[in-house]
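**Q** Residue numbers (our numbering): 982 to 1719.
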């Protein structure tokens, strides 16, 4: 099978990854350089509970996540002052998800229960001590094993652990109290009125705890009850919930009421309704209107002034991949919801806390990948003044096959692409001074994938091709805005190349359209903002090829495919002459057909063409050199440490070329994190330190500091349990010396 097609969006993000099975990666190379992750991301993507500590830092413990989708024993701390995460020094004795977590009055935190990787509920309990940045066991475990329970810190500093399901896989009606003074657990004097799990729990102003809804085994509950710390007993509320709810979100309001919003309902998806508990009447009533979306596995937090922020989650049951990033603002004066700012990355099962300054923080969760489940490592901060979210770190979108351009001031633009489930119309800027990505002032006119970005001589950037059709737009780095060009392109093109010519025009050549690869090309005139066809057509139809501006001002177009897949992989090349606006065939062929290799001009004028897919769809570790003086291609003296396709490369100031990532293998395509350096003085490749994450479908960019920005891209295979997942992580790779 030569050409299975993966499509990120209907409008075609086409990958021709196919051929013979993958071979093992090369052995680990000696380290000759370093790479660091752009700050602000969690140490592991996860959905896990979080609490704000007395210090103002935020603790996240255990959960389920990472790319391998495993139960985690690790914890981490978010530091709002630096917007960074650091790992807890040790791990839980047993990895756990569904943990009950509560901040204690002395600045520590209690974690208890949850479910181990074997699916069994746990009795383990640990105290996190920020002074040692470590977990230590409580004086004794809980009396009952519990998962799906709640933990509520009471006004006297003790913690109520209520409900859940036990080792017998039965929903329990027991509850227990953790006493920080003794470090021990004891049963409450009375049992709960109803056994319940995955319920809501809210500490009320009078010190009582409201427990509402949830499940008893598979039955949804409308019942609610109150725990009274003074008597240690439970009593039923005077009224029940108007709708059965589980995994709803609950927050206390400043006026003493409690808001219970959304939740799952196996009989009808997810609720868009919300209810208010009135402690005076001990009854529930619906809010005046519904949320903008039905939401389960959602989050809710109180806001300064008595209102609440509610959002994200999913709107169906069984839970699908989340598509909703929206949030609603609940006004406690009018009991109404109204839409507010949205997350940058849709997510469900996230954690939400309130920071010391009153700002809500949403952490982790399951993001909107279209492959099994993917666990999000980012957090998003809600700005109370602007009603917008800002990511704690990494990209603002899961982003692959985007357009990228270095700006004159050192920033880097990332535009369009896909997040795996849909084409993107947003864009962002990386600032090497702050190491942060920030959204542009407006979005692209249309979603664009794959997206072509070409920096122009005046500092603006041309954005074109892909799912944007024949439209094109210009990015203004001063205003950080996009605007449509005066004219449209002459053809729809996917996987075309764009090259800035010496006269300031841009050559856009070849590409793929609905009927196959194109042999046409066009020129963009930045003065007029218009496109026009070149005088002559290309010698061969080409897509997924390379384009390199030569020292004499001509453009080398090499390789690619004459069809829509690797079966038409080309070993031919041609040259565009800007003086005649015609194409000339290179008389000599390449040493190998190559589909989506990389091409970099060397200091002596030669062009290094490396990797790519060959005619049977497999990737190659070979490379070759084109000499414009002789028009001859010759194989390099050495090969790369790994076969590569859909990789990225950058020419370094010292004359070397760094080649990173990509996929290797055919039908069993696997993303690699390996890096090679090509040294033109020796003609050999030398393996460097691997990237922090395997990546393909990304663009590496040389920063003015000499480091290489490596953002986003795709990861697939690698024994992760995830078929493929787009990334929001980024790293800066610092090359060593030759």
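Ideal placement from N, C-alpha and C gives every residue a C-beta, glycine not left out. Please read these numbers as outputs of a predicted model, since none were measured by experiment.
In this structure, does DSSP put residue 1360 in helix, strand or coil?
**A** DSSP places residue 1360 in strand when its eight states are reduced to three.
**Q** If you follow the beta strand (DSSP E) that residue 1582 is in, where does it begin and where does it stop?
**A** 1579 to 1582 is the extent of the beta strand (DSSP E) around residue 1582.
**Q** Write down the C-beta distance between residue 1373 and residue 1357 rounded to the nearest angstrom, noting that I regard them as a contact closer than 8 Å.
**A** Not quite, the Cβ-Cβ distance comes to about 11 Å (not below 8 Å), so this is no contact.
**Q** Does the beta-carbon of residue 1003 have 16 or more other beta-carbons within 10 angstroms, so that it is buried, or is it exposed?
**A** In this prediction, residue 1003 has a pLDDT of 32, which is less than 50 and means its spatial position is unreliable; what the coordinates show is noted afterwards. Counting Cβ neighbours within 10 Å, residue 1003 comes out buried, since at least 16 surround it.
**Q** For residue 1011, count neighbouring Cβ atoms within 10 angstroms of its own Cβ and tell me buried if that reaches 16, exposed if not.
**A** Per-residue confidence for residue 1011 stands at a pLDDT of 39, beneath the threshold of 50, marking its modelled position as unreliable; the derived number appears in the next sentence. Classification for residue 1011: exposed.
**Q** Give me whichever residues DSSP pairs with residue 1290 in a beta bridge.
**A** DSSP output for residue 1290 lists 1282, 1310 as bridge partner(s).
**Q** Please report the residue range of the beta strand (DSSP E) in which residue 1168 lies.
**A** Residue 1168 -> beta strand (DSSP E) spans 1165 to 1168.
**Q** Which residues bound the beta strand (DSSP E) around residue 1639?
**A** Taken as a continuous stretch (DSSP letters only), the beta strand (DSSP E) holding residue 1639 covers 1638 to 1641.
**Q** Going by other Cβ atoms of all chains shown within 10 Å of its Cβ, with 16 needed for buried, is residue 1533 buried or exposed?
**A** Residue 1533 comes out exposed.
**Q** Which one or two residues does DSSP pair with residue 1567 in a beta bridge?
**A** According to DSSP, residue 1567 bridges with nothing at all.
**Q** Thinking residue 1345 and residue 1028 are a contact (beta carbons under 8 Å), I'd like their distance in whole angstroms, please.
**A** Sure, about 5 Å apart at Cβ, within 8 Å.
**Q** Rounded C-beta distance between residue 1587 and residue 1607? I'm assuming under 8 Å.
**A** Yes, they are in contact, since the Cβ atoms of residue 1587 and residue 1607 sit about 6 Å apart, within 8 Å.
**Q** Helix, strand or coil: how does DSSP classify residue 1669 here?
**A** Three-state DSSP puts residue 1669 in a strand.
**Q** Among 1178, 1218, 1222, whose alpha-carbon lies nearest the alpha-carbon of residue 1190?
**A** Measuring from the Cα of residue 1190, the nearest candidate turns out to be 1218.
**Q** Once DSSP output is grouped into helix, strand and coil, what is the label at residue 1436?
**A** Residue state, collapsed to three classes: strand.
**Q** Need the endpoints of the beta strand (DSSP E) that residue 1081 sits in, please.
**A** 1081 to 1084 is the span of the beta strand (DSSP E), which, as asked, contains residue 1081.
**Q** Closer than 8 Å by C-beta to residue 1120: which residues in its own chain qualify, once you throw out the five before and the five after it? Chain order, please.
**A** So the qualifying residues of the chain are 1163, 1164, 1165.
**Q** Quick check on the DSSP output: what are the complete beta strand (DSSP E) runs of length 3 or more inside the region 1094 to 1136, in order along the chain?
**A** You should have 1106 to 1110, 1115 to 1118, 1131 to 1134.
**Q** To the nearest angstrom, how far is the alpha carbon of residue 1503 from that of residue 1686?
**A** C-alpha separation (whole angstroms): 35 Å.
**Q** Who are the Cβ neighbours of residue 1393 in its own chain at under 6 Å, not counting the five residues just before and after it?
**A** Cβ within range, chain order: 1387, 1411, 1682, 1690.
**Q** Quick check: what's the CA-CA separation for residue 1308 versus residue 1616?
**A** For residue 1308 and residue 1616, the distance between alpha carbons rounds to 56 Å.
**Q** Spell out the partners DSSP gives residue 1458 in its beta bridges.
**A** Per DSSP, none; premise fails for residue 1458.
**Q** Using alpha carbons as the reference points, say which of 1138, 1158, 1128, 1133 lies closest to residue 1147.
**A** Nearest option by C-alpha distance: 1128.
**Q** Would you kindly report the start and end of the unbroken beta strand (DSSP E) that includes residue 1506?
**A** That run of the beta strand (DSSP E) goes 1502 to 1506.
**Q** Strictly under 9 Å for the Cβ-Cβ distance: is residue 1544 near chain C by that measure?
**A** Looking at the structure shown, chain C is missing, and only one protein chain is on hand.
**Q** Under 8 Å, with one C-beta from each stretch per pair, do the region 1167 to 1175 and the region 1055 to 1072 reach the 3-pair mark?
**A** Contact fails: fewer than three Cβ-Cβ distances are below 8 Å.
**Q** Do residue 1594 and residue 1603 have their CB atoms nearer than 9 Å?
**A** Cβ atoms of residue 1594 and residue 1603: not closer than 9 Å.
**Q** Where does residue 1447 sit, in a helix, a strand or coil, going by DSSP?
**A** It is helical.
**Q** Applying the 10 Å Cβ sphere with the 16-neighbour rule, what's the burial state of residue 1628?
**A** Buried, since its Cβ has 16 or more Cβ neighbours within 10 Å.
**Q** With 16 other CB atoms within 10 Å as the buried threshold, where does residue 1017 fall?
**A** Exposed: under 16 other Cβ atoms inside 10 Å.
**Q** To the nearest angstrom, how far is it from the Cα of residue 1032 to the Cα of residue 1083?
**A** Their Cα atoms are separated by approximately 7 Å.
**Q** Taking the alpha-carbon of residue 1235 as reference, which of 1417, 1260, 1657, 1045 has the nearest alpha-carbon?
**A** Closest by alpha carbon: 1260.
**Q** Assuming residue 1018 is part of the beta strand (DSSP E), what are its boundary residues?
**A** Segment 1015 to 1018, the beta strand (DSSP E) holding residue 1018.
**Q** Could you tell me if residue 1092 is buried or exposed, where buried requires 16 or more neighbouring beta carbons within 10 angstroms of its beta carbon?
**A** Burial call: buried.
**Q** Note down, in chain order, each residue of its chain lying with its Cβ closer than 6 Å to the Cβ of residue 1009, except the 5 sequence neighbours on either side.
**A** Residue placement at residue 1009 cannot be trusted, given a pLDDT of 34 that sits under 50; what the coordinates show is reported in the next sentence. So the list is empty, once near-sequence residues are dropped.
**Q** What's the gap between the Cα of residue 1524 and the Cα of residue 1354?
**A** Whole-angstrom Cα-Cα distance: 33 Å.
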